[in-house]
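Novice: Got a structure here, written out as structure tokens. Questions coming.
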DNA sequence: GTCTATAAATAGATAGAC
DNA sequence: GTCTATCTATTTATAGAC
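Chains as they are written, first to last, in my numbering: chain W, 3 to 215; chain X, 3 to 215.
Encoded structure:
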């Protein structure tokens, strides 16, 4: 339905979505959320499709009517997270200092991880990577957020708040790596620090480094 | 054989190791090296015992005469790496600045990782973790290197070269995390930097941070 | 599209001869 | 201790009725 075809003097024609179709979308959303949680909790290899079906409360065969493979399930969860990241980036005040935008991004990823909502895929699984890299929704979303963050990196290096000695791509990867950093999990397991403390400690080591200033 | 029982006026009695026993030890060494390489390359979940047996050139059933489970195989590889780490720590000049010792440790872990010789275990697999934590050789070795590195951390904070604002345990975890940091792998895949460049870039972000000094 | 039941393949682990 | 052959369990994925 192309809404631009609606008459100019009327309210935009609401896209007709049947009750049945809404239920399907809602179910797919529930599936992706369950996959997201299980991926964060156990990782791709230890997550089984049976678990997902059990968690959602439908039969496994029904799952396969929505997603044609376990890898597609994982990809859907990654697309969801990318979407959440895009929404978070859009919610940031546009006038803030570029360096503060970058810190906010790193903080958000650490928060997601500590909440157990950051899915982690094994970087060694080449089949899974290939599947993900052929997913247009994932690639597009990843490109968009990388462009936005990349712009902040260049701006922060230009205004002198971010070290110009580190190539922008290295900065980008270093920020992304906060999503799967094992340090927050270790500290949380130690039980000596609150989540907020952990986030501030990791952010400090990331931006200020270990050396004395 | 307790060598302290040897007569004082003779050379220490060499521990009698039969040719057969030597072959067995050599074979076990070959097994552990193969496991180490496969763990670094594919990770625990994607590594199969069949692969290990094929790589070593013996039957799978023979493998199980040496190691009673796949988890024991992984533990043996970790014990080996801990031993290599101990040997490296022992080779460092004792008079160097504590901060330089810490940098040398981080550099060594990055080197091992880039050479494809740093085994990585999934931190989410609790059964595997429990097995590892019940391994005395592993725990002892880990404790020893942690004590030594921990001493350098405290010394470097005392002499003012390492930030005193970061708790020593956080510093320790941050250093250990370099062993499974995904950033070096990403940069290597990009092909824009040599291994030495990558190591220096990661070390710089780790110790100097992303902010401008 | 959802279900039950089952296929098909894989992988960890073992039996038993030598 | 090494081998071939096999067991057993698990898991991804599908067939076919409704």
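Even for Gly, the Cβ is constructed at its ideal location relative to N, Cα and C. Note that the structure is predicted; figures quoted are calculated from it, not measured.
1. Since residue 48(W) meets chain X, which of its residues come closer than 9 Å, beta carbon to beta carbon?
2. Label residue 73(X) either buried or exposed according to how many other C-beta atoms from any shown protein chain fall within 10 Å of its C-beta, with 16 as the threshold for buried.
3. Beta carbons nearer than 8 Å to chain X: which residues of the stretch 136-169 of chain W have them?
4. Going by C-alpha to C-alpha distance, which of 141(W), 24(W) and 43(W) sits closest to residue 78(W)?
5. Quick one: what's residue 177(W) bridged to in DSSP?
6. Starting from residue 183(W), find everything on chain X with Cβ-Cβ shorter than 8 Å and list it in chain order.
7. Take residue 42(W) and list the residues in its own chain whose beta-carbon comes closer than 7 Å to its own, dropping the five residues that flank it on each side.
8. To the nearest angstrom, report how far apart residue 62(X) and residue 51(X) are at their CA atoms.
9. Indicate whether residue 185(W) and residue 204(W) have their beta-carbon atoms separated by less than 9 Å.
10. Under three-state DSSP, which class holds residue 213(X)?
11. Would you kindly work out how many angstroms separate the C-alpha atoms of residue 70(X) and residue 115(W), rounded to a whole number?
12. So who's on the other strand from residue 164(W), going by DSSP bridges?
13. Using the C-alpha atoms, what's the distance from residue 201(X) back to residue 109(X)?
14. Put residue 194(X) into one of helix, strand or coil per three-state DSSP.
15. Going along chain X, which residues have a C-beta under 7 Å from residue 212(W)?
16. Between residue 55(X) and the rest of its own chain, which residues show a CB-CB distance below 7 Å, the 5 nearest in sequence each way excluded?
17. Spatial neighbours of residue 1(X) within its chain, please: C-beta separation below 7 Å, excluding the five flanking residues on both sides.
18. Taking residue 86(W) as the reference, which of 101(W), 175(W), 215(W) and 35(W) has the closest Cα?
19. Quick one: is residue 204(W) near chain X, going by C-beta distance under 9 Å?
20. Listing by chain order, which chain X residues have their CB less than 9 Å from the CB of residue 118(W)?
21. Using the Cβ count rule (16 or more neighbours within 10 Å means buried), how would you classify residue 105(W)?
22. Specify the secondary structure class of residue 207(X) as computed by DSSP and reduced to three states.
23. For residue 119(X), which of helix, strand or coil comes out of DSSP?
24. Who are the Cβ neighbours of residue 137(W) in its own chain at under 6 Å, not counting the five residues just before and after it?
25. Does the Cβ of residue 183(W) have 16 or more other Cβ atoms within 10 Å, making it buried, or fewer, making it exposed?
26. Give the straight-line distance between the Cα atoms of residue 164(W) and residue 139(X), rounded to the nearest whole angstrom.
27. Report the residue ranges of all alpha helix (DSSP H) runs contained in full by the stretch 35-112 of chain X; include only those spanning at least 4 residues, in chain order.
28. Chain W beta carbons: is any one of them nearer than 9 Å to that of residue 44(X)?
29. Using the Cβ count rule (16 or more neighbours within 10 Å means buried), how would you classify residue 49(W)?
30. At least one CB of chain W closer than 9 Å to the CB of residue 192(X): is that the case?
31. Express the C-alpha separation of residue 44(W) and residue 31(W) in angstroms, rounding to a whole number.
32. My output table needs one value for residue 4(W): the three-state DSSP class, helix, strand or coil.
33. Can you find a CB in chain W that lies within less than 9 Å of the CB of residue 109(X)?
34. If you pair each beta-carbon of the stretch 151-163 of chain W with each one of the stretch 94-102 of chain W, do three or more pairs fall below 8 Å?
Specialist: This is what the structure holds:
1. Counting from one through the first chain, the residue named residue 48(W) turns up at place 46. Chain X residues near residue 48(W): 47, 124, 126 and 127.
2. Position 71 of the second chain, counting from 1, holds the residue named residue 73(X). So residue 73(X) counts as buried.
3. Within the stretch 136-169 of chain W, contact with chain X at the beta-carbon level (separation under 8 Å) is assigned to 162, 163, 164, 165, 166, 167, 168 and 169.
4. Taking the first residue of the first chain as position 1, residue 78(W) is located at position 76. The shortest Cα separation from residue 78(W) among 141(W), 24(W) and 43(W) belongs to 141(W).
5. By 1-based counting over the first chain, the position of residue 177(W) is 175. DSSP, once it has assigned bridges, lists no residue as partnering residue 177(W).
6. Counted from its first residue, the first chain places residue 183(W) at position 181. Ordered by position in chain X, the residues that pass the 8 Å Cβ test against residue 183(W) are 179.
7. For the purposes of this step, residue 42(W) is taken as residue 40 along the first chain, with counting starting at 1. Cβ within range, chain order: 118, 119, 120, 121 and 122.
8. The residue given as residue 62(X) occupies position 60 in the second chain. The residue given as residue 51(X) occupies position 49 in the second chain. Distance between the alpha carbons of residue 62(X) and residue 51(X): 7 Å.
9. Counting from 1 along the first chain, the entry for residue 185(W) is found at position 183. Counting from 1 along the first chain, the entry for residue 204(W) is found at position 202. Result yes, Cβ atoms of residue 185(W) and residue 204(W) sit closer than 9 Å.
10. The residue labelled residue 213(X) in the question sits at position 211 within the second chain. The answer is strand: DSSP assigns residue 213(X) an E or B state.
11. Walking along the second chain from the start, residue 70(X) turns up at place 68. Walking along the first chain from the start, residue 115(W) turns up at place 113. Answer to the nearest angstrom: the Cα atoms are 35 Å apart.
12. On the first chain, position 162 is the one that residue 164(W) refers to. According to DSSP, which records beta bridges pairwise, residue 164(W) is partnered with 213(X).
13. As a position in the second chain, residue 109(X) is number 107, starting the count at 1. As a position in the second chain, residue 201(X) is number 199, starting the count at 1. Distance between the alpha carbons of residue 109(X) and residue 201(X) is about 7 Å.
14. In the second chain, residue 194(X) corresponds to position 192, counting from 1. The DSSP-derived three-state label of residue 194(X) is coil.
15. Along the first chain, read from residue 1 onward, the residue named residue 212(W) stands at position 210. Near residue 212(W) (Cβ distances below 7 Å), the residues of chain X are 164, 165, 168, 173, 176, 208 and 209.
16. As a first step, residue 55(X) is located in the second chain; it is residue number 53 there, counting from the start. Taken in chain order, the residues that qualify are 61, 62 and 65.
17. As displayed, chain X neither begins before 3 nor continues past 215, which places residue 1(X) out of reach and without an answer.
18. Residue mapping note: residue 86(W) aligns to position 84 of the first chain, counting from 1. When each option's Cα is compared against that of residue 86(W), the closest is 35(W).
19. The count along the first chain starts at 1 and reaches residue 204(W) at position 202. Yes, its Cβ sits closer than 9 Å to a Cβ of chain X.
20. Working through the first chain from its first residue, we reach residue 118(W) at position 116. Correct list: empty, because the minimum Cβ distance to chain X is about 11 Å.
21. Here residue 105(W) is taken as the residue at index 103 of the first chain, counted from 1. The residue is buried, with at least 16 neighbouring Cβ atoms inside 10 Å.
22. Here residue 207(X) refers to the residue found at position 205 when the second chain is read from its first residue. Here residue 207(X) carries a helix assignment [DSSP, helix/strand/coil].
23. Here residue 119(X) is taken as the residue at index 117 of the second chain, counted from 1. Looking at residue 119(X) - three-state DSSP - the assignment turns out to be coil, as it is neither helix nor strand.
24. Start at 1 with the first residue of the first chain, and residue 137(W) comes out as number 135. These residues qualify, in order along the chain: 77.
25. As a working note, residue 183(W) is residue 181 in the first chain. Residue 183(W) should be labelled buried.
26. The residue given as residue 164(W) occupies position 162 in the first chain. The residue given as residue 139(X) occupies position 137 in the second chain. Rounded to whole angstroms, residue 164(W) to residue 139(X) spans 44 Å at the Cα level.
27. 51-58, 62-68 and 72-93
28. As a first step, residue 44(X) must be located in the second chain, where it is residue number 42. Flagged as an interface residue toward chain W: residue 44(X), by a C-beta distance shorter than 9 Å.
29. Within the first chain, numbered from 1, the residue matching residue 49(W) stands at position 47. Its Cβ being crowded by 16 or more others within 10 Å, residue 49(W) is buried.
30. What you label residue 192(X) is simply residue 190 of the second chain in a count that begins at 1. Yes, contact with chain W.
31. To locate residue 31(W), count along the first chain from 1; it is residue 29. To locate residue 44(W), count along the first chain from 1; it is residue 42. Those two C-alpha atoms are separated by around 20 Å.
32. In the first chain, residue 4(W) corresponds to position 2, counting from 1. With a pLDDT of only 45 at residue 4(W), under the threshold of 50, the placement of this residue in the model should not be trusted; the figure read from the coordinates follows. If DSSP states are grouped into helix, strand and coil, residue 4(W) belongs with coil.
33. Looking up residue 109(X) in the second chain gives position 107. Closer than 9 Å: no.
34. Yes, the stretch 151-163 of chain W touches the stretch 94-102 of chain W.
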